[in-house]
Amino acid sequence: MKRLFLLVLFATAAFGTTWYEVSVPLEGKSLPAVLSGFDIVGGKAGYRAEIVCTQEGLEFLEEAGVSYQIIIEDLEAYYAAQMVGPTNFGDYYTYDETNAILDSLHDQYPSIISERMILPNDSLGDTTWDGNYVWAVKISDNVATEETEPEVLYTGIHHAREPIGANICVEWARWLCDNYGKDPLATYLVDNREIWIISIINPDGYLYNEETNPSGGGMHRKNRRPTGGENPGVDNNRNYPYMWGYDNQGSSPNPGEETYRGPEPGSEPETQSVMNLCKAHSFVTALNFHSHSNLFLYPWGYIRQKSEDSLAFYGWGEIATRIAHYPVISGYEFYPTNGGSDDWMYGDQGIFSVTPEVGERFWQEWAIEQHIAETHPMMIATAKAAGIYPELLGISWSDGGDGEISPGETVDLVVHIHNMSVKDESGQIGLELSGSDPRAELVKPTASISSLAPQTTGANDTDPLKVKISASAPPDSAIPLTLTVRAAGEEFIHQITLPVGSRHTLLAEDFDDQDYEGWYSNWGLTDENSHSGDYSITDSPDGPYDDESLYYLQSPTLDLSDKVIAELSFWHLFSIEKGWDWGAVEAKSSQTDGWVTLKRFSGFQDEWREKRFDLSGFCGSSDLQIRFRLTTDRYEHFDGWYVDDVVLTAFKGKASSGLHELADIRPAAGPVESVTSGILRFKGQQGSRVEVTVVDAAGRRVAETDGVTPFTWQMMDNSGRKLSAGVYFVRTRSQDAQTYRKVVVVE
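Our numbering puts the sequence shown at residues 104 to 850.
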């Protein structure tokens with residue numbers, strides 16, 4: 104099994120220490136025993152380990168006969184040079200800034216966010232070794248009352264040199280508070296969950312880094328327990344009692360090493376603070392933020408064995424990482440750990456606990472906003488997963504004929520729902536259509552879906568909703584409807600649109616004419632394997648793909664300027680080194696200012712399978728392009744990626760009035776991935792006035808505009824600047840309707 108190796112060795116914590124990033128060749132061997140006690144965060148198993156160490160660390164390697172190559176001469180200087188924010192620590196929140204923001208939120212919203220609470224411990228009382236406090240806040244609609252609502256926990260900074268966790272936790276609190284009563288989802292979560300946040304678990308180590316490296320880039324990792332050596336402290340994330348000290352590979356008994364697990368299980372005040380909070384509550388789900396490596400890690404970490412709830416963990420993770428595209432794997436697959444928070448929370452307390460490893464570096468200030476945007480869906484999915492939440496994956500229709508909705512036809516609608524809960528069955532799920540458009544007669548407006556097991560998907564395919572389209576409905580029009588989903592005593596409202604008219608094929612490429620005119624590519628045709636006809640296209644038709652290469656297949660430009668629903672489909676098979684080389688399906692237009700990743704593929708699929716993607720978010724653009732990209736690293740070479748029968752279809756449509764959400768609705772083919780984009784286009788009855796409000800992922804109102812339909816607006820903030828990459832929520836209001844939609848702006 105592949106594992107990622109980055110070994111971090113601290114020989115001293117003194118001021119002025121120089122840190123190096125070093126590559127150690129492994130030459131096909133496993134990790135040498137002499138290095139087994141170090142923190143692992145990068146590299147490649149069997150080929151190289153990348154380590155961070157001081158001069159003493161380099162001497163240690165030399166004395167042990169381990170060869171190495173220095174990659175970065177001075178890591179702290181390297182990190183500090185990238186800090187561009189105006190304040191101390193750049194745009195990472197310091198300990199005091201974190202607390203001040205949480206205090207400010209309580210002052211603004213005292214009914215839904217508590218005052219900061221000290222989390223006591225069993226060894227020192229209220230404080231840590233250096234006399235600081237571990238603080239927590241609670242967010243809920245009746246914040247002063249202990250209710251029976253599902254409880255959720257979010258934590259940051261087990262490790263002092265991983266500052267992104269504090270920013271993510273604080274901005275999550277801000278988004279919930281600022282959007283309560285405004286955004287339906289934020290309001291639902293605050294009303295139906297008890298949300299706890301510990302932004303900084305390790306205040307001593309974090310404050311030490313503030314002292315030694317006030318501009319950022321500090322490399323201290325552990326807490327500050329006096330251990331009598333030059334590298335004091337205990338790794339809090341090796342100190343939890345469950346399987347503590349299981350072996351010396353997943354933690355170290357040596358106080359001088361970075362993964363020192365402490366003198367006994369749960370010995371550290373910070374660890375005890377977290378444990379006491381968990382024991383006093385009934386948390387269902389938890390996210391413990393770390394950096395780095397862009398992974399979503401679930402238990403177990405101490406052994407290779409899968410947990411009995413691995414399928415639920417995986418289902419939750421797949422939805423949580425739809426924007427970030429993190430691989431969802433067990434902690435052990437990354438590297439072995441014992442005494443970790445996830446294993447204790449899950450193994451001892453029954454909490455579904457996960458670690459997102461965020462970003463590519465410890466200190467990556469320029470990417471803070473990107474990391475908050477990527478992890479925002481994780482925060483939402485984790486809160487949803489604590490209880491029953493019917494996630495709408497999509498809607499498919501069947502007219503019993505050509506897959507098109509024509510005037511006079513009766514259409515069956517099948518709704519695809521995912522039960523987000525990690526532990527509870529959904530109970531029966533009710534569906535109801537409503538709407539006042541005279542072009543649509545609601546023949547059968549209600550239906551149901553049988554109870555769904557945790558983290559499973561179901562549909563009303565045996566009990567479809569039915570809508571009859573008026574014979575006088577004009578072709579190429581769009582009919583707005585409201586879908587209400589009922590589960591566990593709650594209602595969830597979705598605005599959807601039915602397209603009336605013909606499906607238009609904008610792209611159909613089977614590669615059999617051996618021309619594929621208009622495509623831009625360094626791929627090649629092959630007649631050795633195809634889905635249909637004689638040919639398919641592949642990255643390396645003459646054999647395995649090369650080291651450190653980029654293979655791309657880019658479509659001609661496609662015009663969706665007058666379309667309302669669009670779908671990409673293709674057939675593929677692949678043999679790609681799992682976890683190290685990646686195939687990606689991407690899309691871009693002038694709306695996105697760059698490529699949007701629809702899906703990544705890695706591993707092995709030896710049979711032809713179809714993939715479908717909803718590209719309705721790109722409707723309105725005149726310059727859509729699709730790209731298939733394969734990126735490879737060194738060492739391993741496989742056969743690569745085969746693609747065939749690439750098709751893009753779309754429906755024309757004109758909304759009757761105002762602006763209506765063009766939801767995931769398409770001909771019956773099962774749920775597909777969706778993507779949205781940054782330019783908003785407002786269509787409808789000529790002359791309808793639409794007011795638009797845009798809120799960012801942190802809940803701040805950042806942009807407003809209005810216009811008379813039809814019009815197009817590139818989202819600009821209230822200062823006239825183009826909105827940066829991230830997740831936004833758009834509310835539109837016209838005389839006839841009010842809708843909400845989510846938009847992802849990408850670089």
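We treat Cβ as the ideally placed atom computed from N, Cα and C, and that holds for glycine.
Does DSSP put residue i in a helix, in a strand, or in coil?
| i | result |
| --- | --- |
| G697 | coil |
| A117 | Summary for A117: the model assigns pLDDT 42, below 50, so the residue's position carries little reliability; its value from the coordinates is reported in the next sentence. A117: coil per DSSP, three-state reduction. |
| V377 | helix |
| A163 | Per the sequence shown, the amino acid found at residue 163 is Phe instead of Ala. Looking at F163 - three-state DSSP - the assignment turns out to be helix. |
| W744 | strand |
| W469 | helix |
| T513 | strand |
| I598 | Here residue 598 turns out to be Gln, not Ile, going by the sequence shown. Q598: strand per DSSP, three-state reduction. |
| G802 | Residue placement at G802 cannot be trusted, given a pLDDT of 43 that sits under 50; the coordinates are not used to answer. |
| S413 | helix |
| H474 | helix |
| V293 | helix |
| R341 | helix |
| W500 | strand |
| Y171 | coil |
| A383 | helix |
| D709 | strand |
| Q728 | strand |
| Y843 | With a pLDDT of 48 at Y843, under the threshold of 50, the modelled position of that residue is not reliable, and no figure is offered here. |
| S444 | helix |
| Y449 | helix |
| F192 | coil |
| M819 | strand |
| E593 | strand |
| L288 | helix |
Report the partner residues of residue i according to the DSSP bridge assignment.
| i | result |
| --- | --- |
| E494 | H521 |
| F399 | V431 and P459 |
| T388 | V255 and F455 |
| G810 | V793 |
| I242 | I216 and I298 |
| L676 | Y745 |
| P128 | R151 |
| H393 | E460 |
| I508 | G604 |
| A753 | H607 and A669 |
Just to confirm the assignment, what range does the alpha helix (DSSP H) spanning residue i have?
| i | result |
| --- | --- |
| W278 | I267 to N282 |
| Q207 | Correcting the residue identity first, residue 207 is Ser in this sequence and not Gln. S207 -> alpha helix (DSSP H) spans Y198 to Q211. |
| D307 | P306 to T315 |
| A581 | Where A581 is concerned, there is no enclosing alpha helix (DSSP H), although the beta strand (DSSP E) it sits in stretches over S580 to A590. |
| Y349 | Neither: Y349 is in no alpha helix (DSSP H) and is coded neither H nor E. |
| A180 | L178 to A183 |
Hey, would you say residue i sits closer than 8 Å to residue j, going by beta carbons?
| i | j | result |
| --- | --- | --- |
| L601 | L536 | no |
| L496 | H597 | no |
| W698 | R730 | yes |
| P372 | N224 | yes |
| D650 | T735 | yes |
| W347 | P368 | yes |
| Y435 | I406 | yes |
| Y150 | Y648 | no |
| P344 | W232 | no |
| I204 | Y257 | no |
| R341 | N441 | yes |
| P306 | Y212 | no |
| V795 | E807 | yes |
| R606 | G511 | no |
| W744 | F677 | yes |
| I298 | S243 | yes |
| L661 | Q708 | no |
| S693 | F721 | no |
Just to confirm the assignment, what range does the beta strand (DSSP E) spanning residue i have?
| i | result |
| --- | --- |
| A65 | With the chain covering 104 to 850 only, the question about residue 65 has no answer from this structure. |
| L568 | L568 to I572 |
| W685 | W685 to K691 |
| A611 | R606 to E612 |
What beta strand (DSSP E) runs, 3 residues minimum, are completely inside the region 526-558?
-> 532-537, 543-547 and 549-552
Where in the region 623-671 do unbroken runs of the beta strand (DSSP E), each at least 3 residues long, occur, reported from the N-terminal end onward?
-> 627-629, 639-641 and 653-657
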